[in-house]
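Which chain is which? The protein sequence lines are A and B, in order.
Under our numbering, the first residue of the first sequence is numbered 1, with each subsequent residue one higher.
Under our numbering, the first residue of the second sequence is numbered 114, with each subsequent residue one higher.
Cβ atoms here follow ideal geometry from the backbone N, Cα and C, with glycine treated the same way.
See below for the structure under consideration.
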Amino acid sequence: DTAVSQTPKYLVTQMGNDKSIKCEQNLGHDTMYWYKQDSKKFLKIMFSYNNKELIINETVPNRFSPKSPDKAHLNLHINSLELGDSAVYFCASSQVQGTYEQYFGPGTRLTVT
Amino acid sequence: SQKIEQNSEALNIQEGKTATLTCNYTNYSPAYLQWYRQDPGRGPVFLLLIRENEKEKRKERLKVTFDTTLKQSLFHITASQPADSATYLCALEASRTGTASKLTFGTGTRLQVTL
Numbered sequence: 001d002t003a004v005s006q007t008p009k010y011l012v013t014q015m016g017n018d019k020s021i022k023c024e025q026n027l028g029h030d031t032m033y034w035y036k037q038d039s040k041k042f043l044k045i046m047f048s049y050n051n052k053e054l055i056i057n058e059t060v061p062n063r064f065s066p067k068s069p070d071k072a073h074l075n076l077h078i079n080s081l082e083l084g085d086s087a088v089y090f091c092a093s094s095q096v097q098g099t100y101e102q103y104f105g106p107g108t109r110l111t112v113t
Numbered sequence: 114s115q116k117i118e119q120n121s122e123a124l125n126i127q128e129g130k131t132a133t134l135t136c137n138y139t140n141y142s143p144a145y146l147q148w149y150r151q152d153p154g155r156g157p158v159f160l161l162l163i164r165e166n167e168k169e170k171r172k173e174r175l176k177v178t179f180d181t182t183l184k185q186s187l188f189h190i191t192a193s194q195p196a197d198s199a200t201y202l203c204a205l206e207a208s209r210t211g212t213a214s215k216l217t218f219g220t221g222t223r224l225q226v227t228l
């Protein structure tokens, strides 16, 4: 059983398009995250939601809009895609007790042409 | 500005030896430090957490140390195996709320264990 799943795994699209990435976790965690990993493998947090409420909102262009319909799902919608948006996007989830360790999804490789 | 540095070059070691990876940070006072493993094409996987008031943590063949004076964490893998080959990321938390943990990741060190 996959703990944190993302769809799609690969996404190739043209500049200016709008696309969405979906994430689901079946771990019963209250908190979910979106990260961006660039070509240099640098992993940077973008957003975090706890029980559908936005908790962390880093300096991300407002073309990126996360949405959490329930605590098991966190989607990422990107408007007007740009070349610089090409990266691997990871979803993660965590409990809010103990180690707060984060469980990551397999990633979505977004390529903007 | 805050900076987290890990060995940027790959670390190559022979099977059976101890691998030591370094995480140095500046302009930061983390309360917690986590280590993750990332394999190519996969998401990071949590390995160990150490708190600021802990000097050392162990889990099987893994050992982490945390020196807040030197602003450094060392990650050791003893009796290394080819299956340990991966990129290892350190991640710092300045604080945590009751609802989320904001991790700042280092750039990672790629470990290659050869026969």
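Residue environment analysis places S121(B) among the exposed positions, since fewer than 16 neighbouring C-beta atoms fall within 10 angstroms of its C-beta. With fewer than 16 neighbouring CB atoms inside 10 Å of its own CB, R63(A) falls in the exposed class. Under the 10 Å beta carbon count, S114(B) is surrounded by fewer than 16 other beta carbons and is classified as exposed.
DSSP, reduced to helix, strand and coil, places D152(B) outside both helices and strands of the structure shown, so it counts as coil. Under the Cβ criterion of 8 Å, P195(B) is not counted among the residues facing chain A. At a cut-off of 8 Å between beta-carbon atoms, P157(B) makes contact with chain A. Contact with chain B is absent for K71(A), since none of that chain's Cβ atoms lies less than 8 Å from the residue's Cβ.
Across the segment 85 to 98 of chain A, CB contacts with chain B closer than 8 Å involve F90, A92, S94, V96, in sequence order along the chain. Interface with chain B (8 Å Cβ-Cβ cutoff): S5(A) is excluded. Your pair K172(B) and L161(B) checks out as a contact, with CB atoms roughly 6 Å apart and the cut at 8 Å.
Separation of E53(A) and Y33(A) (C-alpha to C-alpha, rounded to the nearest whole angstrom) is 12 Å. Residues are counted here when their Cβ sits less than 8 Å from a Cβ of chain A; for the segment 116 to 129 of chain B the count is zero. In the displayed model, A207(B) falls within a strand according to three-state DSSP. Look at A92(A) here: in three-state DSSP terms it is strand. For S86(A), same chain residues with a beta-carbon under 7 Å away, outside a window of 5 residues either side, are L110, T111, V112 in chain order.
Bounds of the beta strand (DSSP E) holding T139(B) are 132 to 139. Residue G221(B) holds the alpha-carbon nearest to the alpha-carbon of Y138(B) among G221(B), G154(B), A213(B). For the pair of segments examined, the segment 187 to 203 of chain B was found to touch the segment 133 to 152 of chain B: the number of CB pairs separated by less than 8 Å reaches three.
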